[in-house]
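Undergrad:
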Amino acid sequence: LEPTSKSIRIRYSGGKRTVIDGPFTESKELIAGYTLIQVKSREEGLEWAKRFPAPFGDGKNGEIEVRQLFGLEDFGPSVAVERFRELEKQLPSKRK
């Protein structure tokens, strides 16, 4: 995951939803679950996350954090990166 300095949180409190941009201090709370979705932009990810229900039910406080995953392009050249690129080419959706 990319750092919290690049993340967004959606806070549910008092029946209202608030969007907050990072950075955030390190959390000591346990993450209860996660969802991965593939989108084209940070903004699209935020729009999807806004559609999620409040994490603990209506009227209860909670947060959803939206963070991007690193992509292969975020890493320097290496044998491992090249291997993943080769494997990706073999995926049915990537074949031409």
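Each residue of the sequence shown is one higher than the one before, starting from 1 at the first, in the working numbering. All C-beta atoms in this analysis are idealised placements derived from N, C-alpha and C, irrespective of residue type, glycine included.
Whose C-alpha, out of Ala32, Trp48, Gly33 and Gly14, is nearest the C-alpha of Ile8?
TA: Trp48
Undergrad: Glu65: which of Gly22, Gly15, Gly59 and Lys40 sits nearest, CA to CA?
TA: Gly22
Undergrad: Going by the CB atoms, is the gap between Gln68 and Arg85 shorter than 8 Å?
TA: Result no, Cβ atoms of Arg85 and Gln68 do not sit closer than 8 Å.
Undergrad: With DSSP collapsed to three states, give me the class of Asp58.
TA: coil
Undergrad: Identify whether Ser7 lies in helix, strand or coil by the three-state DSSP scheme.
TA: Correct three-state label for Ser7: coil.
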